[in-house]
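Number of protein chains: 2
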Amino acid sequence: MNILEKITQNKAAFSKSEKKVAEIILANPQTAIHSSIATLAKMSDVSEPTVNRFCRRLDTKGFPDFKLHLAQSLANGTPYVNRHVDENDSPDEYTNKIFESTMASLEVARQSIDVNVVNRVVDLLTQAQKISFFGLGASASVAHDALNKFFRFNVPVVYFEDILMQRMSCMNCSAGDVVVLISHTGRTKSLVEIAQISRMNDATVVGITSADSPLAQECSYVLSLEVPEDTDMYMPMASRIAQLTLIDVLATGFTLRRGNKFRENLKRVKDTLRGSRYEKRDG
Amino acid sequence: MNILEKITQNKAAFSKSEKKVAEIILANPQTAIHSSIATLAKMSDVSEPTVNRFCRRLDTKGFPDFKLHLAQSLANGTPYVNRHVDENDSPDEYTNKIFESTMASLEVARQSIDVNVVNRVVDLLTQAQKISFFGLGASASVAHDALNKFFRFNVPVVYFEDILMQRMSCMNCSAGDVVVLISHTGRTKSLVEIAQISRMNDATVVGITSADSPLAQECSYVLSLEVPEDTDMYMPMASRIAQLTLIDVLATGFTLRRGNKFRENLKRVKDTLRGSRYEKRDG
DNA sequence: AGGAAAATGTAATTTTTTGACATTTTTTAT
DNA sequence: ATAAAAAATGTCAAAAAATTACATTTTCCT
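As they're listed, the protein sequences go chains B and R. Each residue of the first sequence is one higher than the last, beginning at 1 in full-length UniProt numbering. Each residue of the second sequence is one higher than the last, beginning at 1 in full-length UniProt numbering.
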């Protein structure tokens, strides 16, 4: 855990002098990492060993080790994971909190990915006769995005928002078809049914969902994404982003597997789009 | 700049002994930050002052300062911004690269946002009679996502993929309506036209696009997002994610502005969804 | 090959951190 | 309310680490 958060959390457990140190550090962490223990002790109006004890209480080896941890917390892009948006936040505050917590969630998600499954799924996708992407609610737009990405590969790819269309499409599946189902919770009934139908029709079902969910149990392969609790109570936020990034990973794996010749094809698609665009002026 | 990258880049300019040090550090940076200058000197088979000189050559104050920088480079979530996917990457490598560069892009995007415009747009949205979200291609799924988010707020919200429907919808706009147009490049002709049509019909047009683009010029307000070059040559990746996160910011600003009573309404929407889900078992 | 310049190492100095122990403050039990 | 115990904090000295000054070696150029 981020040591700044840790200091904030443990603040109550600190002794009087340790609190002084904590406050000085929290008030100006950038200064703290560039100070010696003597300087910091003087700033906090506390003795040097007290600062040292403070560091050890936070499970660091000593002052230098503590500074290392602090430096890491302050590093660019290392976000406060659990900074939830608060009712009284200013636009500046909630904007930063949302970006930071999104980045933090991506980091957690990244670590939770099983690369072997990714590799296996990329294999499947490159060999698929037809690829379908389905999701509902917030995950529908992820499926939509996947359609857009894979469509450029010039492979038969299908996406429906309508659950009846989804069902019909799956009933017509056959061996060699891959159905990718996206759901954060993995508890959406109709999507679980889609998984069952698809498998009955010999399609391979890939779930982008949380492990141990009902949906996960019905899938041939599960790309499980661990995403921290969403920042906003009522809307999926980070989970979507993690799913999208995973789609990017799959799409990238796909192009890499297909090799160079294939990438030229992609370029062609891109060039075709040019007609619908305003050209960029020089200078 | 990331000090690890810096070491790699300057490697040619190092002297023989300094190269030894560089290699030991690059080979095992995690060990390096936990070693004393004496240990590191011994590992590199070099004297202590040489290590010190090495640190100074990299524009640090000395060895401890160097360790601080190194620690920051190694911090969780601090990505190598310019790590592009390479043809020969293993699944593990490209997965990590994509996640890391996505996080890096979010960080850049975050810094480029003008919070005042965000605030102003949130104002507009809360007071809008009708909100429309339009995008094409990769941005279509972003618009789709925005629909999903704002639909929960129980406000009149519109989204079309079809450009004719988009046009017709905009022709029926009136004062008080807000049209949000999403495009990474801001050079999609039909979207620029949509902006013009909307403004002619007294709607307020908000662009989520890059500054100085043709689209930006037609908008009443521009939420410009600076996103580094996409990792993959042929597909928009990071830009989409940044757009989505910005949508999250707007949605969050929206709920905050509307206050508590409004949030209860949101909860109700969420509860309604429960019937379509499998309940989570305890334990 | 010889000398200047650069690189590296040695050893001493200084700075910084840590440990041992004394003193003060706080807590608890009567 | 007070004495004893425990916890917290500080003082000072020892240890560790980093840095400096200077000596030696290596490299490069003529």
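Beta carbons are placed, not taken as given, at the ideal position from N, Cα and C, and that holds for glycine. Computed from a prediction, not measured in an experiment: that's the story for all the values here.
- Contact between the stretch 94 to 110 of chain R and the stretch 136 to 156 of chain R is absent: fewer than three C-beta pairs spanning the two stretches fall below 8 Å.
- Taking a cut-off of 8 Å for Cβ pairs, the stretch 10 to 24 of chain B and the stretch 50 to 66 of chain B touch, as three or more such pairs fall below it.
- Note that the C-beta distance between Ile33(R) and Leu58(R) is not below 8 Å.
- Contact of Lys42(B) with chain R by beta-carbon distance below 9 Å is absent, the smallest such distance being about 18 Å.
- With the rule of 3 Cβ pairs closer than 8 Å, the stretch 111 to 128 of chain R counts as touching the stretch 165 to 183 of chain R.
- Beta-bridge pairing by DSSP links Lys130(B) to Asp177(B).
- By the beta-carbon neighbour count (other beta carbons within 10 angstroms, threshold 16), Glu87(B) is exposed.
- Boundaries around Ile208(B) are those of the beta strand (DSSP E), Thr204 to Thr209, since no alpha helix (DSSP H) includes it.
- Think of a sphere of 8 Å around the beta carbon of Ile98(R): the chain B residues whose beta carbon falls inside it are Thr245, Asp248, Val249 and Thr252, in chain order.
- The three-state reading of DSSP puts Gly253(R) in helix, counting H, G and I together.
- By the 16-neighbour rule on beta-carbons within 10 angstroms, Met171(R) is exposed.
- Only residues of its own chain outside the window of five on either side were considered, and among them Phe133, Val157, Val158 and Tyr159 have a CB closer than 8 Å to the CB of Leu147(B), listed in chain order.
- Note that the C-beta distance between Ile194(B) and Gln166(B) is below 8 Å.
- Restricting attention to alpha helix (DSSP H) runs no shorter than 4 residues, the UniProt domain "HTH rpiR-type" (1 to 77) of chain R encloses them at 3 to 10, 16 to 27, 29 to 33, 37 to 44, 48 to 57 and 63 to 74, ordered along the chain.
- For Leu191(B), the enclosing alpha helix (DSSP H) covers residues Lys189 to Met200.
- Per DSSP, Leu164(R) lies in no beta strand (DSSP E) segment; the continuous alpha helix (DSSP H) that holds it begins and ends at Ile163 to Met171.
- Across the set Ser112(R), Phe150(R), Lys42(R) and Asp114(R), the C-alpha of Phe150(R) shows the shortest separation from the C-alpha of Gln129(R).
- Within 10 angstroms of the beta-carbon of Gln72(B) lie 16 or more other beta-carbons, which makes it buried.
- A buried status is given to Thr102(B), since no fewer than 16 other beta-carbon atoms sit within 10 Å of its beta-carbon.
- Close CB contacts of Ala38(B) within its chain, under the 8 Å cut and outside five residues either way in sequence, are with Glu48 (chain order).
- In this structure, Ile113(R) is the residue among Val155(R), Val85(R), Ile113(R) and Glu218(R) with its C-alpha nearest to the C-alpha of Val227(R).
- For Gly135(B), no Cβ of chain R is located within less than 8 Å of the residue's own Cβ.
- Non-local beta-carbon contacts of Arg187(R) in its own chain, meaning distances under 8 Å to residues more than five positions away in sequence, involve Ser213, Pro214 and Leu215 in chain order.
- If you ignore the 5 residues before and after Ser169(R), its C-beta comes within less than 7 Å of the C-beta of Ser132, Val158 and Phe160, all in its own chain and listed in chain order.
- Under the Cβ distance rule, Ala216(R) does not count among the residues neighbouring chain B, no pair being separated by less than 8 Å.
- Closest in C-alpha terms to Phe99(B), from the list Leu250(R), Leu256(R) and Ala203(R), comes Leu250(R).
- The beta carbons of Val206(B) and Leu225(B) sit no closer together than 8 Å.
- Using a CB distance cut-off of 8 Å, Asn119(B) counts as an interface residue toward chain R.
- Shortest Cα-Cα distance from Glu93(R) to any of Gln30(B), Asn116(B) and Tyr221(B) involves Asn116(B).
- For His144(B), a Cβ of chain R is located within less than 8 Å of the residue's own Cβ.
- Neighbours of Asp89(R) across chain B, judged by C-beta separation under 8 Å: Leu256.
- Contacts with chain R at 8 Å (Cβ-Cβ) do not include Tyr221(B).
- Less than 8 Å divides the Cβ of Arg199(R) from the Cβ of Ser220(R).
- Taking a C-beta distance under 8 Å as the contact criterion, Ser17(B) and Val46(B) qualify as a contact pair.
- Comparing alpha carbon positions, the residue from Thr60(B), Asn154(B), Gly137(B) and Ser190(B) closest to Met237(B) is Gly137(B).
- Ile163(R) and Arg277(B) have their C-alpha atoms some 14 Å from each other.
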